[in-house]
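Notes follow once the structure below has been shown.
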Amino acid sequence: NNGTPYELRFYSAGTFRDFRSLVTLLKSDGSFGGDIQITSLTDYSKLNCTFKDTPDNLANKVLDYSDQVPTFKAKVMDVKLLYGRQVSFAPQNVVIPQP
3 NNGTPYELRF YSAGTFRDFR SLVTLLKSDG SFGGDIQITS LTDYSKLNCT FKDTPDNLAN
63 KVLDYSDQVP TFKAKVMDVK LLYGRQVSFA PQNVVIPQP
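Heads up: the sequence shown begins at 3 in our numbering, then just goes up one per residue.
What follows is the structure, encoded as structure tokens:
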């Protein structure tokens, strides 16, 4: 089992370089899989991956790994939307667009 596909959305989070660091951490965890690719625009980035556990555990792990990337840790990242196979993250003080 390679896991379930998820879309991870990040708003006002960091640069492409910051996401490279996060992807390296995710790839080191056997719960994550797939070809994790970064889609990045100004103030918005997206990662597609697979995960072998529940959506809330995925969110917890992403937050834990985000705290290991200095830019994300300084912004105090949080889950803003957890719906189906989509998880949206942003700094605690940022309001994201409504779906």
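All C-beta atoms in this analysis are idealised placements derived from N, C-alpha and C, irrespective of residue type, glycine included.
Owing to the predicted nature of the structure, the values given are computational and were not obtained by experimental measurement.
Mind reading off the beta-carbon distance from residue i to residue j? Whole number of angstroms is fine, and I expect it under 8 angstroms.
i, j, result
"F1", "F21", "With the chain covering only 3 through 101, there is no way to say anything about residue 1."
"N4", "G35", "5 angstroms"
Taking the continuous beta strand (DSSP E) assigned at residue i, which residues delimit it?
i, result
"P7", "T6 to Y13"
"V81", "M79 to Y85"
"S42", "F34 to L43"
Buried or exposed: residue i, going by 16 or more other Cβ atoms within 10 Å of its Cβ?
i, result
"K77", "buried"
"F74", "buried"
"G32", "exposed"
"L84", "exposed"
From this set, the options, which residue's C-alpha is nearest residue i's C-alpha?
i, options, result
"D29", "L49, L43, T44 and F18", "Correcting the residue identity first, residue 29 is Lys in this sequence and not Asp. Closest by alpha carbon: L49."
"P110", "N95, G86, T52 and P57", "Examination of residue 110 is not possible in this model, given that the chain is present from 3 through 101 alone."
Considering just the uninterrupted stretch of the alpha helix (DSSP H) at residue i, what are its terminal residues?
i, result
"D66", "P57 to S68"
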